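Q: Supplied in structure tokens, the structure appears directly below.
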Ligand code: PEP
Ligand code: MN
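In the numbering used here, the protein residues as written are 343 to 1017.
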């Protein structure tokens, strides 16, 4: 090549390369500028709640311009499209966190209430939230209490503030029902001084009023005043502020009971003040949340409890005595009927103190022993006492809940505090030795009926049978499922035996609970905490089997999952653990029986069948378990063990059962217990 040409080409190439570098830098600057603008757009969207993150029409317009320009300049369309896609994706990634942070922060402080702006609930919510944080809160009204709770459950609001009782009208049952039916937590309270006024359109006179509209609760609270207005009719309205807002130009003969704030906001004039039946008219609201909160432990606290006592004489007295003896002050006790079990009652109990304080913890441990169900609805600042005085000094360590050690733990040797409850019509834990027996699995209607007859005749009090079997091999018989549950229930009814069966999954709980008197959690599921939590919400006894490799402490903490959810009817079952010994299916940990009985107030039973794995070993292990203090046994028995579809080697025959019972009775009697 001509050296001159060569120099020229090199110069052109260098120039071109420089131009490319410059263009690239320009591209980077342009991209940075584009993304900066995108960030600004996100800020605008954040300020304007109603603007969506993705505006599809706008994105289409951007694409069209991009593609037209690319085509006009001769760029390949697929390439141009790919680049734009990357840019748009990145833009969205920039906007998302900005908007999400905003979403989360508004949700964090959004409070749902029943009614519209100006309602007493809204005023109380604004006051409480201002006390809780300087930032205050965004309030969101809903037509009903239920709607506010649904909004809370959907994550639309972070809290719901609902009225639970009024000093004149008493308790607000709709709200109490919601609080006990749902898994909500009480995280704060507000005691709101309610000031109703009678308000009407400008120009209206008290003498010409014929109708008074307001929330039913307000009408009750001003009953005496209203009765004094001759010929006036009371019309319940969904909300006090809603009643104020409802007045139209022609409603000159209608007045409303509402807050003065609502009257002013709706342009009404006040016809009368101080109209409530009593000088002090206070409503107590609770702030509900989906998760519990730990209040500032410098503040005096209250704890709300929901309990269902077991059906024994003196249960309520014992529960109240437990509070009194631990010097726990009750601030409220109220009963609520349970529609599903007529004439049994749930009690709402509020006490002073935080659930983590030692004296309240001790009282709760004792109260649990008298309850079938006990749920701590929450510990929260006691707003009926002055709080400010307690806030001097540094914030101490938070009291953590759930509590340590396990709530089921009781001081040793308090036999009078042992839990006892019903398995159908059989009581466990009150000194009776309860034999639960039946086949490993329900195999057919005939089989379970025959087995039920056999175990009943031998002296069993409860019938067992698996419908959903947790088999080690997926190819082994998995149980008859729902069909099995139906046969089990039929056999139980026919022979007047309560029935127990295993539940494997959360989805099966309701169907199993509908058929069985007692639900069993098998060894393989002891660590299934999600299942245990759900069983904590149930009002049925649960037999919890010890996991094959679980220590006693892990076993107790698993039980704690059920207790902490509210369900106090837990039976602990020792069924053998895995050791280096291969002579038995598992090693029965007999020492666990007295250890568990010392550590908890719960009934303890033993399953010698799965520990032994061999029918010849079952009877001696059963006798040893009774001697060690078990409250009962769960033993596999089959009318024809040789044909059993499951665990045939360990199934007792009729004769084995009889021999076992003959050996057990003197042991039980020698301990002063009943069969
Ligand atoms: C059972 O009782 O049928 C059973 C499967 O027991 P475990 O969970 O103790 O193995
Ligand atoms: Mn079995």
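For each residue, glycine too, the CB sits at the ideal point set by N, CA and C. Only a predicted model underlies this, so the values are computations on that prediction, with no experimental measurement involved.
Pick from 922, 626 and 439: whose alpha carbon is nearest that of residue 674?
A: Here residue 674 refers to the residue found at position 332 of the chain shown. Comparing Cα-Cα distances from residue 674 to each of 922, 626 and 439, the minimum goes to 626.
Q: Between residue 652 and the rest of its own chain, which residues show a CB-CB distance below 6 Å, the 5 nearest in sequence each way excluded?
A: Numbered from its first residue, the chain shown carries residue 652 at position 310. Taken in chain order, the residues that qualify are 714 and 763.
Q: Exposed or buried, residue 544, counting other C-beta atoms within 10 Å across all chains shown (16 or more means buried)?
A: In the chain shown, the residue the question calls residue 544 occupies position 202. By the neighbour-count rule (16 or more Cβ atoms within 10 Å), residue 544 is not buried but exposed.
Q: Helix, strand or coil: which one does DSSP assign to residue 795?
A: Residue 795 sits at position 453 when you count from the first residue of the chain shown. Residue state, collapsed to three classes: helix.
Q: Can you name the residues that DSSP bridges to residue 483?
A: In the chain shown, counting from the first residue as 1, residue 483 sits at position 141. Note: residue 483 sits in a beta bridge opposite 455.
Q: Which runs of the beta strand (DSSP E), 3 residues or longer, sit entirely within the stretch 817 to 884?
A: Listed in chain order, the complete beta strand (DSSP E) runs (minimum 3 residues) inside the stretch 817 to 884 are 841 to 844 and 860 to 863.
Q: Taking C-alpha atoms, which residue in 645, 827 and 676 lies nearest to residue 670?
A: Translated into positions along the chain shown, residue 670 becomes position 328. Of the listed residues, the one whose Cα sits closest to residue 670 is 645.
Q: Closest by CA to residue 944, which one among 889, 761, 689 and 466?
A: Your numbering for residue 944 matches position 602 in the chain shown. Checked all of 889, 761, 689 and 466; the closest Cα to residue 944 is 761.
Q: Secondary structure at residue 943, three-state DSSP: helix, strand or coil?
A: On the chain shown, position 601 is the one that residue 943 refers to. Reduced to three states, the DSSP call for residue 943 is coil.
Q: Mark residue 364 as exposed unless 16 or more other C-beta atoms lie within 10 angstroms of its C-beta, in which case mark it buried.
A: Residue 364 sits at position 22 when you count from the first residue of the chain shown. It is exposed - the Cβ of residue 364 has fewer than 16 other Cβ atoms within 10 Å.
Q: When you measure from the CB of residue 881 to every non-hydrogen atom of the ligand PEP, does any distance come out below 7 Å?
A: Looking up residue 881 in the chain shown gives position 539. Residue 881: no, Cβ never under 7 Å from the ligand PEP.
Q: Thinking just about the alpha-carbon of each residue, which of 515, 597 and 569 is nearest to the one in residue 552?
A: Along the chain shown, read from residue 1 onward, the residue named residue 552 stands at position 210. Checked all of 515, 597 and 569; the closest Cα to residue 552 is 597.
Q: Using the three-state DSSP reduction, which class does residue 685 fall into: helix, strand or coil?
A: Here the question's residue 685 lines up with position 343 in the chain shown. Coil.
Q: Tell me whether the stretch 810 to 825 and the stretch 978 to 992 touch, counting them as touching only if at least three CB pairs, one residue from each stretch, are closer than 8 Å.
A: A contact exists between the stretch 810 to 825 and the stretch 978 to 992.
Q: Counting Cβ pairs, one atom from each stretch, are 3 or more of them under 8 Å apart for the stretch 967 to 981 and the stretch 773 to 789?
A: These segments touch.
Q: Give the single residue among 471, 557 and 688 whose Cα lies nearest to the Cα of residue 458.
A: Sequence index remark: in the chain shown, residue 458 carries index 116 (1-based). Measuring from the Cα of residue 458, the nearest candidate turns out to be 557.
Q: Let me know the secondary structure DSSP gives residue 576 once reduced to three states.
A: As a first step, residue 576 must be located in the chain shown, where it is residue number 234. In this structure, residue 576 counts as strand in the three-state DSSP scheme.
Q: Whole beta strand (DSSP E) runs in the stretch 634 to 674 with 3 or more residues, listed along the chain?
A: 643 to 651, all fully within the stretch 634 to 674.
Q: Return the CA-CA distance between residue 750 and residue 894, expressed in angstroms with no decimal places.
A: In the chain shown, the residue the question calls residue 750 occupies position 408. In the chain shown, the residue the question calls residue 894 occupies position 552. Confidence is the limiting factor: at residue 750 the pLDDT is only 49, short of 50, which leaves the residue's position unreliable, though a coordinate-based value still follows. Going from the Cα of residue 750 to the Cα of residue 894 covers about 13 Å.
Q: Classify residue 637 as buried or exposed, calling it buried when 16 or more other Cβ atoms lie within 10 Å of its own Cβ.
A: Counting from one through the chain shown, the residue named residue 637 turns up at place 295. So residue 637 ends up on the buried side.
Q: Is it the case that the CB of residue 531 approaches a heavy atom of the ligand MN more closely than 7 Å?
A: Within the chain shown, residue 531 is the residue found at index 189, counting from 1. Incorrect: residue 531 has no Cβ contact closer than 7 Å to the ligand MN.
Q: Give the residues whose C-beta lies closer than 5 Å to at least one heavy atom of the ligand MN, in chain order.
A: My final list is 782 and 989.
Q: Should residue 410 go down as buried or exposed, given a rule of 16 or more other Cβ atoms within 10 Å for buried?
A: As a working note, residue 410 is residue 68 in the chain shown. It counts as exposed.
Q: Near residue 999, which residues of its chain fall below 6 Å by C-beta distance, leaving aside the five closest residues on each side in sequence?
A: Position 657 of the chain shown, counted from the start, is the residue given in the question as residue 999. Excluding residues within five positions, the ones whose Cβ falls inside 6 Å are 800 and 979.
Q: With a threshold of 8 Å, are at least 3 pairs of Cβ atoms found where one atom belongs to the stretch 824 to 831 and the other to the stretch 851 to 858?
A: Enough Cβ pairs lie closer than 8 Å, so yes.
Q: Does the beta carbon of residue 991 fall short of 7 Å from some heavy atom of the ligand PEP?
A: Here the question's residue 991 lines up with position 649 in the chain shown. Residue 991 Cβ: outside cutoff for every heavy atom of the ligand PEP.
Q: Here's the rule I'm using: 16 or more other beta-carbon atoms within 10 Å means buried, otherwise exposed. How should residue 927 be labelled?
A: On the chain shown, position 585 is the one that residue 927 refers to. By the 10 Å Cβ count, residue 927 comes out buried.
Q: Please report the residue range of the alpha helix (DSSP H) in which residue 622 lies.
A: Taking the chain shown and counting its residues from 1, one reaches residue 622 at position 280. Residue 622 -> no alpha helix (DSSP H), and no H or E assigned at all.
Q: Could you tell me how far apart the beta carbons of residue 615 and residue 539 are, in whole angstroms, since I believe they sit closer than 8 Å?
A: Counting from 1 along the chain shown, the entry for residue 615 is found at position 273. Counting from 1 along the chain shown, the entry for residue 539 is found at position 197. With a Cβ gap of about 5 Å, residue 615 and residue 539 count as contacting.
Q: May I ask you to verify whether the stretch 874 to 883 touches the stretch 906 to 915, counting CB pairs closer than 8 Å and requiring at least 3?
A: They touch, by the three-pair rule.
Q: Where residue 733 and residue 642 are concerned, what is the direct C-alpha to C-alpha distance, given to the nearest angstrom?
A: Taking the first residue of the chain shown as 1, we reach residue 733 at position 391. Taking the first residue of the chain shown as 1, we reach residue 642 at position 300. Residue confidence for residue 733 is low, a pLDDT of 49 falling below 50, so the modelled location carries little weight; the figure read from the coordinates is stated next. One C-alpha to the other measures close to 10 Å.
Q: In angstroms, rounded to a whole number, what distance separates the CA positions of residue 455 and residue 913?
A: As a working note, residue 455 is residue 113 in the chain shown. As a working note, residue 913 is residue 571 in the chain shown. Their Cα atoms are separated by approximately 41 Å.
Q: Tell me which residues share the same chain as residue 533 and place their Cβ nearer than 7 Å to its Cβ, disregarding the 5 neighbours each side in the sequence.
A: Counting from one through the chain shown, the residue named residue 533 turns up at place 191. These residues qualify, in order along the chain: 624, 626, 725 and 726.
Q: Could you spell out where the alpha helix (DSSP H) holding residue 408 opens and where it closes?
A: Residue mapping note: residue 408 aligns to position 66 of the chain shown, counting from 1. Residue 408 -> alpha helix (DSSP H) spans 398 to 414.
Q: What are the start and end residues of the beta strand (DSSP E) that includes residue 763?
A: To locate residue 763, count along the chain shown from 1; it is residue 421. It spans 763 to 765 - the beta strand (DSSP E) in which residue 763 sits, taken as one unbroken run.
Q: Between which two residues does the alpha helix (DSSP H) holding residue 505 run?
A: Here residue 505 refers to the residue found at position 163 of the chain shown. Not the alpha helix (DSSP H): residue 505 falls in the beta strand (DSSP E), residues 501 to 508.
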